[in-house]
Amino acid sequence: YEQPRNIIKAIPGTNFVEMSRNHERSFCCGAGGARMWIEEHLGTRINQFRTKDAQATGATKIGTACPFCLTMLSDGANELDIQNLQTFDLAEYVWEAMEK
């Protein structure tokens with residue numbers, strides 16, 4: 002768990018925060034087991050629940066190394082009309098920092 006976190010924390014100007022459920026206590030964004038293609042009829046979609054967890058941190062950016070998480074969290078932010086939460090791939094964030 003720590004290697005990608007350490008890289009992000011090393012980028013100047015980064016204020017790293019964790020969601021309340023992290024490391025061993027974390028859970029899937031909703032894409033696991035092909036759930037990203039299932040239309041749920043009852044309750045909140047898992048990706049929306051996870052996106053709300055991210056929003057609760059006060060962060061304006063959420064990064065992931067998983068392409069499925071990237072899609073699910075981005076979709077969650079769009080579905081919930083959360084304007085101030087940008088999703089990105091961790092490699093993108095590192096690349097942008099190197100370009101500065």
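In the numbering used here, each number is its position in the sequence shown, counted from 1, plus 1. By construction, the Cβ of each residue, glycine as well, lies at the ideal position given by its N, Cα and C atoms. This structure is a prediction, so every number in the text was calculated from the model and none was measured.
According to the DSSP assignment, G64 belongs to the beta strand (DSSP E) that extends over K62 to T65. For F89, the enclosing beta strand (DSSP E) covers residues Q87 to D90. For N85, the closest C-alpha among the options T72, G33 and K62 is that of K62.
In this structure N48 touches D76 by the C-beta definition: roughly 6 Å separates them, less than 8 Å. Scanning its chain for C-beta atoms nearer than 8 Å, with the 5 sequence neighbours on each side dropped, one finds around T88 the residues K62, I63, G64, T65, L71, L74, S75 and A78, in chain order. Annotated three-state conformation of N7 is helix, per DSSP. Taking 9 Å as the cut-off, the Cβ atoms of M99 and T58 do not count as close.
Judged by DSSP in its simplified three-state form, P13 adopts coil rather than helix or strand.
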